[in-house]
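Q: In the UniProt record's numbering, the protein residues as written are 1 to 375. Every residue, glycine too, gets a C-beta built ideally from N, C-alpha and C. Quantities reported herein were computed from a predicted structural model and do not represent experimental measurements. My questions all concern the structure below.
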C-alpha cells in the first residue's frame, strides 16, 4: 500500500522494486536470503507480549496464514525476466512496472553482437513512446518521443550506452478530473463510541461545506442513540467491538471510488478541501491513501523494516515525524509510512487489506478538532 503525507501528514504505501543489473551478465543478481534480524537494545520484542501458553499456536497459525498469503499473491509473472542475448538483443519480456504517463527506464536493454562496422537497433511500442539521450557524433537517433525508435552507431559501446538510457512513457491513460462531483466520488466514514455530542457537531460541520455527501457511521456504543439525516447511514454494532472492527464495517459499506476517514470528534472548516485530496489521488494513481492535517498537527511517521526469518519476523523501526521524498508536482506532499486519522483512501485497496479487528486501541472523550486538507 502506498502512503502519502500532504502538507502535514500523509499516507500511502509505495512499493519499490529494486534489483541489481550487472553486465557481464546483464541479469539481476540474486538477493541475500533473509535470516534472523538483530534488534538493538531497548527494542520491544513482539513475542514477549504474548502469553507463553498461546505463543506456539499463534506462531503456527501465523506461519500457515503467511504461506497461504504468498500462494494467493505471488505470481510467476511478477518475476523480472530478460530475453537472453542470442537474439542478439537483450530486453525485458515481463516484470517491468510502468507508472502511467511517466517516463520509465527500460532495464537490461543491450545488444550482444560480433565486431562490425555498423550497429542498428529498431524498437517499437504500441501504447506509448520511447525516448533516449541526445546522441553523440558517433551515433544517430530517429523517432525519439515516438512509437518507433531507431538507434544506429559505428561503435557497439556507444549504442549500448544509448540503449541503457531508453525510457518508455505510456500515452493511453485517460482520467477525467474536471468538474468533479465529490458526492459521487467520496463517502465520509467514521466510527463512534459514547461521543454523540461530538458526532453531531461533526455532522453539522460536514453539511455546512458538503451538503449532499454520504456519511457512514459505525457505532458500538453501550447505549446507542438514533442518528438520522439525509445521506447518513448509521450502523449499530454489538457493544464495544473496537476501533478496527468498526472501521471494517464502515468501509465495507462504501460504494464510491474513495472514502474519507475522519474521527467522530473532528470539525470541518473552510480549510477542509476534499477536492484537493482527490486531485492528488487522481494525478498519482499508484497512491492508495493521502492524508491531511488536523489543527496543523503533523502525526506522520516513517517505518524502516529489517527483513528477518519468515516465521520469527524482522525488526520494525518507527521514526515519529519521519517522511521520505516529496511528490513530483506536489511539493507540499511527502511519502510517509503512516498519517493522522484524516485521510482519503481508495476503497478497493482498503477493502482488500482491511483492519485487524483483534487489535484494540484507546480513545478520549475530547473536544471537537478541526481538519485541514492541503493548503
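#1: Near residue 208, what residues of its chain come up, given a Cβ to Cβ distance below 8 Å and the 5 sequence neighbours on each side ignored?
#2: How far does the alpha helix (DSSP H) with residue 161 in it reach, from first residue to last?
#3: So what does DSSP say about residue 123, is it helix, strand or coil?
#4: Tell me the rounded alpha-carbon separation between residue 161 and residue 168.
#5: Using the rule of at least 16 other Cβ atoms within 10 Å of the residue's Cβ for burial, across every protein chain shown, is residue 356 buried or exposed?
#6: Smallest Cα separation from residue 164: which of 123, 220, 217 and 186?
#7: Which two residues bound the contiguous alpha helix (DSSP H) that contains residue 57?
#8: Relative to the alpha-carbon of residue 195, which residue among 204, 185, 46 and 219 has its alpha-carbon at the smallest distance?
#9: Using 8 Å as the threshold, is the C-beta distance between residue 344 and residue 334 below it?
#10: Taking the alpha carbon of residue 216 as the reference point, which residue from 320, 251 and 306 has its own alpha carbon closest?
#11: Tell me the rounded alpha-carbon separation between residue 199 and residue 44.
#12: So, under 8 Å CB-CB, residue 150 and residue 191 are touching, yes? Tell me the CB distance rounded to an integer number of Å.
#13: Look up residue 117 in the DSSP assignment and say whether it is helix, strand or coil.
#14: Quick one: does residue 210 have its CB under 8 Å from some CB of chain B?
#15: Just to confirm the assignment, what range does the beta strand (DSSP E) spanning residue 191 have?
#16: Let me know the secondary structure DSSP gives residue 300 once reduced to three states.
#17: Going by DSSP, what residues sit across from residue 170 in a beta bridge?
#18: Let me check one thing: in DSSP terms, what residues is residue 150 bridge-paired to?
#19: Pull up the distance between the alpha-carbon of residue 138 and that of residue 154, whole angstroms please.
#20: In whole angstroms, what is the alpha-carbon distance linking residue 291 and residue 38?
#21: May I ask you to list the residues that DSSP assigns as paired with residue 244?
#22: Could you check whether the region 251-266 touches the region 295-311, counting it as contact only if at least three pairs of C-beta atoms, one from each stretch, sit closer than 8 Å?
#23: Under the three-state reduction of DSSP, which class applies to residue 295: helix, strand or coil?
#24: Cutting at 7 Å between CB atoms, please list the residues of its own chain near residue 323, excluding the five before and the five after it.
#25: Considering only residues of the same chain and omitting the five flanking positions on each side of residue 62, which have a CB-CB separation below 8 Å?
#26: Report the rounded CA-to-CA distance for residue 236 versus residue 283, giving the unit in angstroms.
#27: Buried or exposed: residue 171, going by 16 or more other Cβ atoms within 10 Å of its Cβ?
#28: Out of 262, 348 and 203, which one is the CA nearest neighbour of residue 293?
A: For this structure:
#1: As a first step, residue 208 is located in the chain shown; it is residue number 208 there, counting from the start. Within the same chain, residue 208 has close Cβ partners 268.
#2: Within the chain shown, numbered from 1, the residue matching residue 161 stands at position 161. In the DSSP assignment, residue 161 falls within the unbroken alpha helix (DSSP H) covering 156-163.
#3: Taking the chain shown and counting its residues from 1, one reaches residue 123 at position 123. Reduced to three states, the DSSP call for residue 123 is strand.
#4: Translated into the one-based positions of the chain shown, residue 161 becomes position 161. Translated into the one-based positions of the chain shown, residue 168 becomes position 168. Straight-line Cα distance between these residues: approximately 16 Å.
#5: Here residue 356 refers to the residue found at position 356 of the chain shown. Around the beta carbon of residue 356, fewer than 16 other beta carbons lie within 10 angstroms, which makes this residue exposed.
#6: Residue 164 sits at position 164 when you count from the first residue of the chain shown. In terms of Cα proximity to residue 164, the closest of 123, 220, 217 and 186 is 123.
#7: Within the chain shown, numbered from 1, the residue matching residue 57 stands at position 57. Note, residue 57: alpha helix (DSSP H), 52-73.
#8: As a working note, residue 195 is residue 195 in the chain shown. Considering only alpha carbons, the answer is 219.
#9: Taking the first residue of the chain shown as position 1, residue 344 is located at position 344. Taking the first residue of the chain shown as position 1, residue 334 is located at position 334. For residue 344 and residue 334, no; Cβs fall outside 8 Å.
#10: What you label residue 216 is simply residue 216 of the chain shown in a count that begins at 1. For residue 216, the closest of 320, 251 and 306 by C-alpha to C-alpha distance is 251.
#11: Translated into the one-based positions of the chain shown, residue 199 becomes position 199. Translated into the one-based positions of the chain shown, residue 44 becomes position 44. So the alpha carbons of these two residues sit roughly 36 Å apart.
#12: Against the chain shown, residue 150 aligns to sequence position 150. Against the chain shown, residue 191 aligns to sequence position 191. With 8 Å as the limit, residue 150 and residue 191 do not qualify as a contact, their Cβ atoms being about 59 Å apart.
#13: Stepping through the chain shown from its first residue, residue 117 is reached at position 117. If DSSP states are grouped into helix, strand and coil, residue 117 belongs with coil.
#14: Judged by its chain identifiers, the structure shown contains no chain B, having just a single protein chain.
#15: As a position in the chain shown, residue 191 is number 191, starting the count at 1. Judged by DSSP secondary structure, residue 191 falls within the beta strand (DSSP E) whose first and last residues are 186-192.
#16: Here the question's residue 300 lines up with position 300 in the chain shown. Residue 300: coil per DSSP, three-state reduction.
#17: For this step, residue 170 is matched to residue 170 along the chain shown. BP columns for residue 170 point to 128.
#18: Position 150 of the chain shown holds residue 150. In the DSSP assignment, residue 150 is bridged to 122 and 142.
#19: The count along the chain shown starts at 1 and reaches residue 138 at position 138. The count along the chain shown starts at 1 and reaches residue 154 at position 154. Between residue 138 and residue 154, the C-alpha separation is close to 7 Å.
#20: The residue you call residue 291 lines up with position 291 of the chain shown. The residue you call residue 38 lines up with position 38 of the chain shown. So the two alpha carbons sit approximately 32 Å from each other.
#21: Residue numbering aside, residue 244 sits at position 244 when the chain shown is read from its first letter. Here residue 244 is not bridged, per DSSP, to any residue.
#22: No, because fewer than three Cβ pairs between the region 251-266 and the region 295-311 fall closer than 8 Å, the two stretches do not touch.
#23: Counting from 1 along the chain shown, the entry for residue 295 is found at position 295. Judged by DSSP in its simplified three-state form, residue 295 adopts coil rather than helix or strand.
#24: Position 323 of the chain shown, counted from the first residue, corresponds to residue 323. Result list for residue 323: 5, 300, 302, 334, 335 and 336, in chain order.
#25: Your numbering for residue 62 matches position 62 in the chain shown. If we look at residue 62 and ignore the five residues flanking it on each side, its Cβ neighbours are 311.
#26: Start at 1 with the first residue of the chain shown, and residue 236 comes out as number 236. Start at 1 with the first residue of the chain shown, and residue 283 comes out as number 283. Roughly 36 Å between the two C-alpha positions.
#27: Stepping through the chain shown from its first residue, residue 171 is reached at position 171. Under this definition residue 171 is an exposed residue.
#28: Taking the chain shown and counting its residues from 1, one reaches residue 293 at position 293. Distances from the alpha-carbon of residue 293 to those of 262, 348 and 203 put 262 closest.
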